[in-house]
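Student: Going by my numbering, the sequence shown opens with residue 1350, and the numbers climb by one from there.
Positions of the beta carbon are idealized from the N, C-alpha and C atoms, including for glycine.
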Amino acid sequence: METGRNEVPTGRPYGFASHLRRYGATLAEHKNYGRNEFLTTLAECQQNLGIEGRADSMEKQFDEDGTEIEENDTRVEWQKLACPKCDAKAEHTRALLNHLVESHGKEQDKNWYAEFRTVGKEIKKMMESAIEVQSSSSYVKKKFENSNDLLVCPADSPLTPFLLMRHLQVYLDEVPLTVAEGISLKMQSKMADTSYTVIFTFQKIERIRRRISKIQEKKALERRLRELESQCDRAWIAQNDVAFKKTRTPEETRVLTKALGLPVTCSYEEIAKKVKEMKSKHDELNNVYSNSIKADGQLMTAEEKKLISSLTSNFMVPSEGKRRTTYKPPAELVKKKKKETST
1350 METGRNEVPT
1360 GRPYGFASHL
1370 RRYGATLAEH
1380 KNYGRNEFLT
1390 TLAECQQNLG
1400 IEGRADSMEK
1410 QFDEDGTEIE
1420 ENDTRVEWQK
1430 LACPKCDAKA
1440 EHTRALLNHL
1450 VESHGKEQDK
1460 NWYAEFRTVG
1470 KEIKKMMESA
1480 IEVQSSSSYV
1490 KKKFENSNDL
1500 LVCPADSPLT
1510 PFLLMRHLQV
1520 YLDEVPLTVA
1530 EGISLKMQSK
1540 MADTSYTVIF
1550 TFQKIERIRR
1560 RISKIQEKKA
1570 LERRLRELES
1580 QCDRAWIAQN
1590 DVAFKKTRTP
1600 EETRVLTKAL
1610 GLPVTCSYEE
1620 IAKKVKEMKS
1630 KHDELNNVYS
1640 NSIKADGQLM
1650 TAEEKKLISS
1660 LTSNFMVPSE
1670 GKRRTTYKPP
1680 AELVKKKKKE
1690 TST
C-alpha cells in the first residue's frame, strides 16, 4: 500500500525516495550505505550479480517528436504485479488491492475496505505474496561506464540500494586514470568459460559532497547578509564639494583659500578664477589619458599609451605635477657633459 504524505506545500526543496519525500533535501544521506557496508554486503551477496552482454553500438531510440531518447545509466525493470489466485495483472499496489477485495475478498473485507480502508489477514497475506514475487522477478540494471554491457542484480538483493545510488560508478576490466582507487571483484560467466573484473568506485561522492557543502556555506552567507541588510536602514551623508558651493561659511572659506594657496583677504572672484583654472587643468589631464590620437593626427601605439602616465600629449616634455621621468631634454645633457669635462 502507498504511504501517505503531507500535501501542504512548504516552499522548501524536497527529495524523492520511492513514495517517500524528505523536505529540505539537497543530497541523499546514505548513512547505512557507506564504503564499509558495501564491502560487507558485496562479500555476502556477490553471487547475486550478473553481466548482460549487449552490442557495442546500440540502436538509437526516438520519441514522437523525433528527439533521441538518452539511455539511463541505471534502471529498474519491474515486473507487473500478479494476483496469486487468478494471475490477473495490476499496474500498482492499489489496483491489486482493489482486485483482491472485489474478486477474492469476503463480504466482511468489502465492508471494512469501503468504510475504514482496511483489509483482513488473508488479503494482507496475498498482497505480501504478490509483492514478494514481483521483487524476486524484477532486476536492477546498471550500465558500465566504459562498456555497453549491463551489471544485473535482483531487485530484492541487499546490493540493490548500493546500485541505485546515483554516483556509484562501475567499470569493466579497467578504470580511467582519473579514478584514484576502486573495489575490484572477479566474476565468472555461467554461460561461457570467461571471467570478468568489475570495479566499483565511490570517488565521485566525496567530491560532490564538498561542492555541495561549499554552495550551502555560500548561500548561508548570502542569506545572512540579506537579513542584516533588511534590518538596517540605508543612509548616507551628503558631502558637497566646498569648491563649488555658492554660499560658504567663514570656516569653509578659510580652509579653501589655504588649500588653493591664496591669501586670506582674497575676493570671491579670485577664488572662482582659481577653481576654474583647476577644473580646466583636470579636464586637460583626463583628455590626455582618454585620448588615443596624437596632436599630429596619428593613432597612438600600445607602447605610447603606456607612457601617458609619465609624458605629456606630445610625448617629449614631462608636464608639471605628473610623475617624474628619467627623460631629459638633449640641451640639459650637453650642459652636464660640459660641466664634467671642465671639472
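1. Do you know offhand how far Leu1499's Cα is from Ser1506's?
2. Tell me which same chain residues have a C-beta within less than 6 Å of the C-beta of Cys1394, skipping the five on either side of it?
3. Counting C-beta neighbours from all protein chains within 10 Å, is the total for Met1475 16 or more, i.e. buried, or is it exposed?
4. Out of Arg1603, Tyr1617 and Leu1534, which has the shortest C-alpha to C-alpha gap to Leu1388?
5. Out of Arg1384, Ser1616 and Glu1653, state which residue places its alpha-carbon closest to the alpha-carbon of Thr1517.
6. How is Thr1650 classed by DSSP in three states: helix, strand or coil?
7. Ile1548 and Val1501 - do their beta-carbons sit closer together than 9 Å?
8. Short of 7 Å in beta carbon distance, which residues of its chain neighbour Cys1615, apart from the five on each side in sequence? Order them along the chain.
9. Report the CB separation of Asp1422 from Lys1492 in whole angstroms; it is logged as a contact under 8 Å.
10. Per DSSP, what kind of secondary structure is Glu1481 in: helix, strand or coil?
11. Taking Cβ positions, are His1453 and Ile1472 nearer each other than 9 Å?
12. Cα separation between Leu1430 and Gly1531?
13. I'd like the ranges of any beta strand (DSSP E) spanning at least 3 consecutive residues and lying wholly in the stretch 1470 to 1535.
14. Rounded to whole angstroms, what's the CA-CA distance from Pro1612 to Leu1574? Just pull it up for me.
15. Pick helix, strand or coil for Gln1580, following the three-state DSSP scheme.
16. Check the DSSP bridge columns for Arg1603 and list the partner residues they point to.
17. Provide the residue span of the alpha helix (DSSP H) that contains Met1386, from first to last.
18. Measuring alpha carbon to alpha carbon, tell me which of Glu1440, Cys1435, Lys1434 and Asp1436 ends up nearest Trp1427.
19. Do Glu1523 and Asn1495 have their beta-carbon atoms positioned less than 9 Å apart in this structure?
20. What three-state label does DSSP hand Leu1398 in the structure shown?
Tutor: Taking the definition as stated:
1. 17 Å
2. Ser1506, Pro1507 and Leu1508
3. buried
4. Leu1534
5. For the record, residue 1517 in the displayed sequence is Leu; it is not Thr. Closest option to Leu1517, Cα to Cα, is Arg1384.
6. coil
7. no
8. Thr1606
9. 5 Å
10. helix
11. yes
12. 37 Å
13. 1488 to 1492, 1499 to 1503 and 1518 to 1521
14. 51 Å
15. helix
16. Partner(s): none; Arg1603 has no beta bridge.
17. Here residue 1386 is Glu; the residue named in the question, Met, does not match the sequence. Its alpha helix (DSSP H) spans residues Arg1384 to Cys1394.
18. Glu1440
19. yes
20. coil
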